[in-house]
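The block underneath contains the structure these notes are about, expressed in structure tokens.
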Amino acid sequence: MRRALIFVSIVLLVQTLAFGRTQQDKLEGRWAGTVDGIQGQQPAAATFKKEGGKYSGSISGLRPGADAVLKDINLDGDKVTAKTEVDAPQGNVVVSYAFVVQGETLKGKGEVEFGGQTYTFTFDLKRGGEMPAAAAATQAQPPARREVPQPQQKQSISYFVGEWSYSWIGRESALGPAPREGTATFTLRPDGKSLDVRTAGKSDNTSFNESAVMTWDEGTKTLTFSEKLGNGVQVQSKGDWHSPISIRFTVDPIKVKGQTLQLKRIISVVAAHSFTVTEELSENGGPFVRLGSAVYTKVAATK
């Protein structure tokens, strides 16, 4: 009799465990492992929680020591999609995730588009609270840094020569309307050291034209920029191009309708065919606030 009771208890226990396992949500819980991206292999973890039929969660691995909140989490069969939003100097950056959950594994990738290029991060996670030994070791001490690929465009005025399309997103100011888009054409002058710049733009179906002269000093790695904006405002600036990936400008104070404006500008050299511009503005000695940013893409020459 006792053996029969023991047997029945064991059967009930097994059934209970099996039932609990079948009731466990396939995505909910903690997943840990690695992510492989431009900085090499890093430890990563993702956590999902389900409440009222909706998921919430967070993910780590893209920025050491920082978790990002997962948004718009959707589970369709074995496929999981989500996104995170990261504040960057160039604006809000969205990372899109696509995973496949199969049993005790969660694998997939994150993708982010920046400056006309797409960067991919590959995740390999397993259910549970422990990271693989190699990943745990890198968590305990900073990982050996893999050299991050950087655009290495030669600092030369010839980089800009040609026609570029651009899209500028930001707020309207005394310097011009927003948002706006158009084309900028850079033409090399006979001296080989300067460019004529002609910009044709449009904002709210209103067209405008701007002009500028850009001069390059190879010895000091300095760009001198003299601009005439669409509203007639003159802007004088100098750009430090010692770094192959960015040009930081010092802009002379600008007087517009009784206001004193101070502009900060950075050009980020993304690739041979793409650069970005980020601007901040101070009005009458006030704090600098984000004015806007633009992405320039080189127009392919037609034969």
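Residues 22 to 324 (our numbering) make up the sequence shown, in order. Cβ atoms here follow ideal geometry from the backbone N, Cα and C, with glycine treated the same way.
Is Phe309 helix, strand or coil by DSSP?
Residue state, collapsed to three classes: coil.
Could you tell me the boundaries of the beta strand (DSSP E) in which Asn230 lies?
From DSSP, the beta strand (DSSP E) with Asn230 extends over 227-238.
Beta bridge counterpart(s) of Asn95 as assigned by DSSP:
Under DSSP, Asn95 shares a beta bridge with Thr102.
Kindly list the residues whose CB is nearer than 8 Å to the CB of Ser228, restricted to its own chain and excluding five residues on each side of it in sequence; keep chain order.
Ala221, Gly222.
Per DSSP, cross-strand counterpart(s) of Leu282:
Beta-bridge analysis with DSSP links Leu282 to Ile275, Glu304.
Compute the Euclidean distance between the alpha carbons of Ala321 and Trp185, then round it to the nearest angstrom.
So the alpha carbons of these two residues sit roughly 9 Å apart.
Using a threshold of 8 Å, state whether the C-beta atoms of Ser194 and Leu312 are closer than that.
A contact, by the Cβ cut-off of 8 Å.
Below 8 Å on the Cβ atoms is my contact criterion, and I expect Gly82 with Asp145 to pass it. Report the Cβ-Cβ distance as a whole number of Å.
The C-beta separation of Gly82 from Asp145 comes to about 11 Å, leaving the pair out of contact by the 8 Å criterion.
Can you tell me where the beta strand (DSSP E) with Phe246 in it begins and where it stops?
Per DSSP, the continuous beta strand (DSSP E) segment holding Phe246 begins and ends at 243-249.
Pull up the distance between the alpha-carbon of Ser314 and that of Pro200, whole angstroms please.
One alpha carbon belongs to Ser314, the other to Pro200, and they sit about 10 Å apart.
Can you name the start and end residues of the beta strand (DSSP E) that Asp217 belongs to?
From DSSP, the beta strand (DSSP E) with Asp217 extends over 215-224.
Straight-line Cα distance separating Thr206 from Thr318
Taking the straight line joining both Cα atoms gives about 12 Å.
With 16 other CB atoms within 10 Å as the buried threshold, where does Ile190 fall?
Looking at its Cβ environment, which holds fewer than 16 other Cβ atoms inside 10 Å, Ile190 is exposed.
Taking Gly82 as part of the beta strand (DSSP E), name the residues at either end of that continuous run.
The continuous stretches of beta strand (DSSP E) do not include Gly82, and DSSP gives it neither H nor E.
On the CB-based measure, 16 or more other CB atoms within 10 Å of its CB, does Glu300 come out buried or exposed?
With 16 or more other Cβ atoms from the protein chains shown falling within 10 Å of its own Cβ, Glu300 counts as buried.
Here's a check: name, in chain order, each residue in its chain whose Cβ is nearer than 7 Å to the Cβ of Asn305, leaving out the five neighbours to either side.
By the criterion of a C-beta distance shorter than 7 Å, Asn305 is surrounded in its chain by Gln280, Thr281, once the five residues flanking it on both sides are discounted.
Check for me: the beta strand (DSSP E) holding Pro64 runs from which residue to which?
Element bounds for Pro64: 61-72.
So, with DSSP's three-state summary, where would you put Ile268?
Three-state result, Ile268: strand.
Kindly indicate the opening and closing residues of the beta strand (DSSP E) around Leu209.
Note, Leu209: beta strand (DSSP E), 201-209.
Look up Ser177 in the DSSP assignment and say whether it is helix, strand or coil.
Looking at Ser177 - three-state DSSP - the assignment turns out to be coil, as it is neither helix nor strand.
Within 10 angstroms of the Cβ of Gly307, are there 16 or more other Cβ atoms? Answer buried if so, exposed if not.
Classified as exposed, Gly307 has fewer than 16 neighbouring CB atoms from the shown chains inside 10 Å of its CB.
Could you give the DSSP three-state label for Asp261: helix, strand or coil?
Asp261: strand per DSSP, three-state reduction.
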